[in-house]
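Working notes, structure below.
In the numbering used here, the protein residues as written are 1277 to 1521.
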């Protein structure tokens, strides 16, 4: 039994895996100013896992975990050097987030007979990643849905904090409906527009797969796209199969 841990900029999620089958998951929000809060999240029943694989994009958290759990021999931080085969030679590997490479590993596992993908990951940031012939080829980074919303509320004194919820309205006749229209229909239109541009640029009918905590706000039961909630966690669980080859 193994444990996969995905450390993002604002949250940490973990999942238990038996071979490639995902069991229970748990997620917490955290603050970089209070890293001690994550100790309890990591500490429970660590001895029962053969491998604890960690994918992180936050150096401060990496440093804290390595110091706090320095006596643990089953902790493995995912390293880019073992994932070079999943990245096209034209891409700057050092400036590429490791979570984005892990997502490529996942889609290649899920769809072994397909080579070309667009992976849309909606988290703190929204990323669109292009996979050509099973390799990461390039991508786009956009402001995340909730990140954009929080900044707008902070900067625009005339807009009260309104709970983000799904809406299919094209426009609104009051501030709430107008805001929800922009952060649903508007955001979805932006992403779909980028998908069309990428498909046209490469003249390729990419398979499009969405992942991330805020994907439901954009997908809203659309059937033309695939959805895998925990794409990154799956890739993390597959990591040890790669480095053993």
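Just so it is clear, CB atoms sit at the ideal spot from N, CA and C, and this is done for glycine as well.
The bridge partners DSSP lists for residue 1301 are 1291. Residue 1373 sits away from residue 1337, with the two beta carbons spaced by 8 Å or more.
For residue 1349, the secondary structure class from DSSP, reduced to helix, strand or coil, is coil. Here DSSP, grouped into helix, strand and coil, assigns residue 1325 to coil. Inclusion of residue 1353 and residue 1330 in the CB contact set at 8 Å is warranted, their separation being smaller than that value. For residue 1410, the closest C-alpha among the options 1463, 1362 and 1403 is that of 1362. With respect to the 8 Å criterion, residue 1315 and residue 1301 are not classified as neighbours on the basis of their beta carbons.
When secondary structure is reduced to three states using DSSP, residue 1373 falls in the coil class, being assigned neither helix nor strand. Comparing alpha-carbon positions, the option among 1359, 1368, 1322 and 1369 lying closest to residue 1346 turns out to be 1322. Straight-line spacing of the CA atoms in residue 1462 and residue 1494 works out to 9 Å.
Counting along the chain, the unbroken alpha helix (DSSP H) around residue 1454 starts and ends at 1451–1457.
Excluding its 5 nearest sequence neighbours in each direction, residue 1456 has C-beta neighbours in its own chain below 6 Å: 1443, listed in chain order. Counting only residues of its own chain and dropping the five nearest sequence neighbours on each side, residue 1350 has a CB closer than 7 Å to the CB of 1325, 1326, 1327 and 1328. Membership of residue 1315 in the alpha helix (DSSP H) is indicated by the continuous run 1315–1319. Ranking 1422, 1446, 1445 and 1447 by CA distance to the CA of residue 1437 puts 1422 first. Residue 1509 sits away from residue 1485, with the two beta carbons spaced by 8 Å or more. In this structure, residue 1393 sits away from residue 1416, with a CB-CB distance that is not shorter than 8 Å.
Between residue 1303 and residue 1287 a beta carbon distance of about 6 Å is seen, short of the 8 Å cut, so the two are scored as contacting. By the C-beta density criterion, residue 1402 is buried, having at least 16 other C-beta atoms within 10 angstroms.
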